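Asks: Quick one: the structure is below, questions incoming.
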Amino acid sequence: GPDVEPSADLLVDGDPGSGRTTALLACAIHAAFVRGQRVLYLVPDALRRELVKRRLDELLRNAFLHWYVRVETLGEERATAWARNPAEAPQIIVGTAEAAEAYLYGAMHSEDAARLRRLVFDLETVLVDDLTEFGAEARAHVPFLLDKQRLLLASENLPLQAVVVFPRMTETARTVTGIRLFTEKRFKKATNVLTLRPRAPGRVRKVDLVVPDARTGVEELTLRCLKLGENGLNVVLYRPGIDENER
Numbered sequence: 011g012p013d014v015e016p017s018a019d020l021l022v023d024g025d026p027g028s029g030r031t032t033a034l035l036a037c038a039i040h041a042a043f044v045r046g047q048r049v050l051y052l053v054p055d056a057l058r059r060e061l062v063k064r065r066l067d068e069l070l071r072n073a074f075l076h077w078y079v080r081v082e083t084l085g086e087e088r089a090t091a092w093a094r095n096p097a098e099a100p101q102i103i104v105g106t107a108e109a110a111e112a113y114l115y116g117a118m119h120s121e122d123a124a125r126l127r128r129l130v131f132d133l134e135t136v137l138v139d140d141l142t143e144f145g146a147e148a149r150a151h152v153p154f155l156l157d158k159q160r161l162l163l164a165s166e167n168l169p170l171q172a173v174v175v176f177p178r179m180t181e182t183a184r185t186v187t188g189i190r191l192f193t194e195k196r197f198k199k200a201t202n203v204l205t206l207r208p209r210a211p212g213r214v215r216k217v218d219l220v221v222p223d224a225r226t227g228v229e230e231l232t233l234r235c236l237k238l239g240e241n242g243l244n245v246v247l248y249r250p251g252i253d254e255n256e257r
């Protein structure tokens with residue numbers, strides 16, 4: 011219908027532990043495998059880049075999708091190699107905003123510009139992991155990257171889907187951020203905001219342990235708890251007399 015967007019932008023927020031990054035990883039795999047799109051996954055820094063690649067590789071292997079979807083990190087040598095041989099480019103590219111600007115958009119005037127341009131035009135999904143963790147300059151530049159990619163794809167009548175993840179925000183902050191990222195014309199709070207709820211806590215058992223020998227008692231309790239943990243239980247041990255922050 012006329013009101014349906016084929017690739018709706020999403021602003022995803024939620025409290026710690028609600029699965030923001032997990033949701034973004036699922037978006038990346040869905041776009042690459044189900045839609046057959048190429049994905050640009052932007053992260054705050056090199057440490058997060060390696061962590062995201064490792065998690066994506068693990069998820070793909072566990073689902074036996076690693077035969078069809080490859081993940082690589084973005085760097086100058088790799089971008090040059092992909093431009094010269096587009097068949098070598100992975101389905102999911104993980105990198106920082108600075109690397110995307112330097113090695114993708116900034117290199118479109120190089121000797122491999124025509125081939126690199128084809129690679130950039132294939133990026134129909136852009137995911138941004140925890141924008142608040144980006145440096146100030148990179149954070150301010152992300153909206154321009156999204157606008158640039160959207161305009162490039164629009165020239166070939168292709169839609170761009172952008173999914174940006176944030177910690178939990180106020181209603182006003184969501185509106186201002188959504189308009190800044192997706193423009194006032196495109197942003198609709200009713201359809202472009204997804205708030206994740208944290209997982210419900212499991213059952214909790216509190217046990218007061220009384221033993222003549224504290225060390226032996228704790229060792230025995232630890233072994234028993236480890237066996238319980240094999241059944242999917244999380245176990246926390248703490249000693250008496252500690253304050254709430256330490257607990």
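Under the working numbering, the first residue of the sequence shown is numbered 11, with each subsequent residue one higher. Backbone N, C-alpha and C fix where the C-beta goes; we use that ideal spot for every residue, glycine too. This one's a predicted model, so the numbers in the text were calculated from it and none came from an experiment.
From the DSSP secondary-structure annotation, give me the bridge partner or partners of residue 137.
Replies: Position 127 of the sequence shown, counted from the first residue, corresponds to residue 137. Looking at the DSSP output, residue 137 bridges to 51, 173.
Asks: Count the C-beta pairs between the region 152–170 and the region 130–137 that are closer than 8 Å, then say yes if the count reaches three, no if not.
Replies: Verdict: yes, contact present.
Asks: Tell me whether residue 114 sits in a helix, a strand or coil according to DSSP, three-state version.
Replies: In the sequence shown, counting from the first residue as 1, residue 114 sits at position 104. The answer is helix: DSSP assigns residue 114 an H, G or I state.
Asks: What ranges does the alpha helix (DSSP H) occupy inside the region 56–106, keeping only unbroken runs of at least 4 residues that lie completely in it?
Replies: 56–72, 86–94
Asks: Let me check one thing: in DSSP terms, what residues is residue 204 bridge-paired to?
Replies: In the sequence shown, residue 204 corresponds to position 194, counting from 1. In DSSP, residue 204 forms a bridge with 22.
Asks: Considering only their Cβ atoms, is the gap separating residue 102 from residue 81 smaller than 8 Å?
Replies: Residue numbering aside, residue 81 sits at position 71 when the sequence shown is read from its first letter. Residue numbering aside, residue 102 sits at position 92 when the sequence shown is read from its first letter. Yes. Within cutoff.
Asks: Counting Cβ pairs, one atom from each stretch, are 3 or more of them under 8 Å apart for the region 96–116 and the region 74–88?
Replies: yes
Asks: In whole angstroms, what is the alpha-carbon distance linking residue 34 and residue 166?
Replies: Within the sequence shown, the letter at position 24 stands for residue 34. Within the sequence shown, the letter at position 156 stands for residue 166. So the two alpha carbons sit approximately 26 Å from each other.
Asks: Going by CA-CA distance only, name the one from 150, 180, 163, 169 that's closest to residue 190.
Replies: Within the sequence shown, numbered from 1, the residue matching residue 190 stands at position 180. Of the candidates 150, 180, 163, 169, the one whose C-alpha sits nearest the C-alpha of residue 190 is 150.
Asks: So, using beta-carbon positions, are residue 203 and residue 188 closer together than 8 Å?
Replies: Locating residue 203 in the sequence shown gives position 193, counting from the first residue. Locating residue 188 in the sequence shown gives position 178, counting from the first residue. Cβ distance < 8 Å, so residue 203 and residue 188 count as in contact.
Asks: Name the two residues that bound the continuous alpha helix (DSSP H) containing residue 157.
Replies: In the sequence shown, residue 157 corresponds to position 147, counting from 1. Its alpha helix (DSSP H) spans residues 146–164.
Asks: Hey, could you find the ends of the alpha helix (DSSP H) residue 124 is sitting in?
Replies: As a working mapping, residue 124 is identified with position 114 in the sequence shown. Following the DSSP letters along the chain, one finds residue 124 inside the alpha helix (DSSP H) bounded by residues 123–131.
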